[in-house]
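Protein chains in written order, with this note's numbering: chain A, 1 to 272; chain B, 1 to 154. Note sheet for the following structure.
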Amino acid sequence: MKRLTSFLIMLLAVVSFSHAGGSGERAEGSKSETPTGLGKIVFTANGEDFVRKGFIDKNGWHISFDKLFVNIVNPTAYIPVEDGREVVLEGSYWTDLAAGGPDAEPIVLGEVHDVPPGNYQSLRFGIGRKESGEYEGYSIVMVGEASGEGRVVPFVIKVDEEMDFDGKEGYVGEELKGLLPPGGGTEVEMTFHFDHLFGDIEAPPDDHINTGSVGFDFFRKFEKNGRVDVSQQEMKRAEGYATLIRAVWTLGHLGEGHCECTNQSSAGEIEG
Amino acid sequence: MKGQHKRKVLRYFTGVVLLLILTVPYGFTHGTKYELLTDGIIGVKAMYDTGEVMADARVLIFAPGEAEASIITRTDSRGIVCFKPDKSGTWVLQVLEDTGHGMRINLKVDEALTLAEGVNKSAGFTWLQKAVLALCVVWGFTGTALFMYSRRKR
Chain A
1 MKRLTSFLIM LLAVVSFSHA GGSGERAEGS KSETPTGLGK IVFTANGEDF
51 VRKGFIDKNG WHISFDKLFV NIVNPTAYIP VEDGREVVLE GSYWTDLAAG
101 GPDAEPIVLG EVHDVPPGNY QSLRFGIGRK ESGEYEGYSI VMVGEASGEG
151 RVVPFVIKVD EEMDFDGKEG YVGEELKGLL PPGGGTEVEM TFHFDHLFGD
201 IEAPPDDHIN TGSVGFDFFR KFEKNGRVDV SQQEMKRAEG YATLIRAVWT
251 LGHLGEGHCE CTNQSSAGEI EG
Chain B
1 MKGQHKRKVL RYFTGVVLLL ILTVPYGFTH GTKYELLTDG IIGVKAMYDT
51 GEVMADARVL IFAPGEAEAS IITRTDSRGI VCFKPDKSGT WVLQVLEDTG
101 HGMRINLKVD EALTLAEGVN KSAGFTWLQK AVLALCVVWG FTGTALFMYS
151 RRKR
């Protein structure tokens, strides 16, 4: 009996070691060498043509923005492997995505220098409330005009939702971003899709861009004296509010690729 | 007579050269052949989150370390796109829908030019599991020692 017990113990020990060894190996693909030559990463934000040139929403309103502010917090470019590096542009950046006119380039938030080369394809960033000055307490402010039905309705829409976006898979578009060669430079871009809030008349009615958006008709409910000036708190009881907030959670992209959204301040009130 | 013969030979020679010039290039360009590629092909089926296939969608494929697409193609009617990587590293495959949205897949290709498996897998054992394993090993050695000791005593 004792012999049998000891044999079983030895067998268990051998099996344990062999399992631990096999599983503990790391694939070659996750190891990265560090070539010499430091470079820089430029952090940019882009509202695309929807923000710069305007568009027609799903209800037929022509939407144009004079200002479109987002408060971007601690954008971080990173290499998505287990021991990958990350580069943080620390601080809050109150960014006007409509700045520079219809043909403007993406807005530069800042640069980080002396960065080791690598593929910083992934990018995460927070959207937080502004801590002082005009629009204090808000994270996204849209200022513009909606034209339709023979009239023009100026609007100021103030959102205080806070959230974190993470584009793990990387930028989706004609040219990849975040590839930093030794001694060179690269650009990373946070892209915001505001058609997700308003919808797009050019897309089919059953497209998710229209079924998941509220359109300007939602904001028009709050029109007073020919203009809309409304905050998130004032919209809370309106029908369609949950749709609006769920659409806000989908604003963050890297190019055309969706970002995962977490830590939403309204997550407790609204189901995802 | 000699001159006539020379001219005849020259005419014949010129004719043969002309025939070669006119026929050989056409002969090459008309020829086609194929090779079936079964090894190292990577195929992706692109779908919306509803399960509907992304048929005839634009596809951009980026070779490792390249910022510009080296292959631009479209998915077929079943949402499938295939390519054969020619170097190891991370290939990026993007599938873009007409409204602009798209997805990106980062495909790790190993030295054998096949899709790498097990990349980024973590060690897989928790501290508790490791502690239990260590205990088993200690127990195993102690048990063996005691067993040997008891045999010697006898």
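A virtual CB, placed ideally from N, CA and C, is assigned to each residue, including glycine.
- Interface annotation, Thr99 (chain B): in contact with chain A, CB-CB separation under 8 Å.
- For Ala45 (chain A), the closest alpha carbon among the candidates A:Asn71, A:Asn263, A:Asp229 and A:Ile245 is that of A:Asn71.
- In this structure Leu97 (chain A) is in contact with Ile107 (chain A), their Cβ atoms being roughly 6 Å apart against a cut-off of 8 Å.
- Scanning chain B for C-beta atoms nearer than 9 Å to the C-beta of Gly170 (chain A) yields Val92, Arg104 and Asn106, reported in chain order.
- The count of Cβ pairs closer than 8 Å, one atom from the segment 151-160 of chain A and one from the segment 101-118 of chain A, stays below three, leaving the stretches out of contact.
- Closest option to Cys259 (chain A), judged by alpha-carbon separation, among A:Lys58, A:Met190 and A:Asp114: A:Met190.
- With fewer than 16 other Cβ atoms inside 10 Å of its own Cβ, Ala112 (chain B) counts as exposed.
- Separation of Ala46 (chain B) and Ala63 (chain B) (C-alpha to C-alpha, rounded to the nearest whole angstrom) is 19 Å.
- Legend: CB atoms of the segment 254-268 of chain A lying less than 9 Å from CB atoms of chain B belong to residues Leu254, Gly255, Glu256, Gly257 and His258.
- It is roughly 40 Å from the alpha-carbon of Lys40 (chain A) to the alpha-carbon of His62 (chain A).
- By the Cβ test, the segment 128-147 of chain A is not in contact with the segment 176-188 of chain A, since fewer than three Cβ pairs between them sit closer than 8 Å.
- Below the 7 Å Cβ cutoff, chain B contributes Thr99 as neighbours of Asp207 (chain A), in chain order.
- Flagged as an interface residue toward chain A: Gly65 (chain B), by a C-beta distance shorter than 8 Å.
- Taking CB atoms only, Glu175 (chain A) has a neighbour in chain B less than 8 Å away.
- Ala45 (chain A) is outside the set of residues whose beta carbon lies under 8 Å from a beta carbon in chain B.
- Distance from the CA atom of Lys84 (chain B) to the CA atom of Gly255 (chain A), rounded to whole angstroms, is 26 Å.
- Assigned with DSSP and collapsed to three states, Arg129 (chain A) falls in coil, not helix or strand.
- Listed by position along chain A, the residues whose Cβ is nearer than 7 Å to that of Glu68 (chain B) are Glu175.
- For Pro205 (chain A), the number of other beta carbons within 10 angstroms of its own is below 16, and it is reported as exposed.
- Neighbourhood of Ala203 (chain A) in chain B, by CB distance below 7 Å: Thr99, in chain order.
- C-alpha of Ser266 (chain A) to C-alpha of Arg227 (chain A): approximately 27 Å in a straight line.
- If you check the CB distance, Phe198 (chain A) and Gly215 (chain A) come in under 8 Å.
- Here Gly102 (chain B) is near Val172 (chain A), since their CB atoms are less than 8 Å apart.
- Judged by DSSP secondary structure, His196 (chain A) falls outside any beta strand (DSSP E) and instead within the alpha helix (DSSP H) spanning Asp195 to Phe198.
- For Ala242 (chain A), the closest of A:Asp229, A:Ser231, A:Gly212 and A:Phe222 by C-alpha to C-alpha distance is A:Gly212.
- Looking at the DSSP output, Ile41 (chain A) shares a beta bridge with A:Val112 and A:Thr186.
- Excluding its 5 nearest sequence neighbours in each direction, Pro117 (chain A) has C-beta neighbours in its own chain below 7 Å: Pro35, Gly37, Gly39, Leu180, Pro181 and Pro182, listed in chain order.
- Note that the segment 233-250 of chain A does not touch the segment 83-103 of chain A; fewer than 3 beta-carbon pairs, one per stretch, sit closer than 8 Å.
- Not a single C-beta of chain B is nearer than 8 Å to the C-beta of Leu197 (chain A).
- DSSP places Gln232 (chain A) inside the alpha helix (DSSP H), whose first and last residues are Gln232 to Met235.
- For the segment 43-63 of chain B, the beta-carbon criterion of a distance under 8 Å to any beta-carbon of chain A is satisfied by Leu60 and Phe62.
- By the Cβ neighbour-count rule, Asp86 (chain B) is exposed, with fewer than 16 other Cβ atoms within 10 Å of its own.
- The alpha-carbon separation between Phe69 (chain A) and Glu48 (chain A) amounts to approximately 14 Å.
- Against chain A, a Cβ distance below 9 Å from Leu96 (chain B) picks out Val172, Gly173 and Glu256.
- Under the Cβ distance rule, Leu68 (chain A) does not count among the residues neighbouring chain B, no pair being separated by less than 8 Å.
- Flagged as an interface residue toward chain B: Leu179 (chain A), by a C-beta distance shorter than 8 Å.
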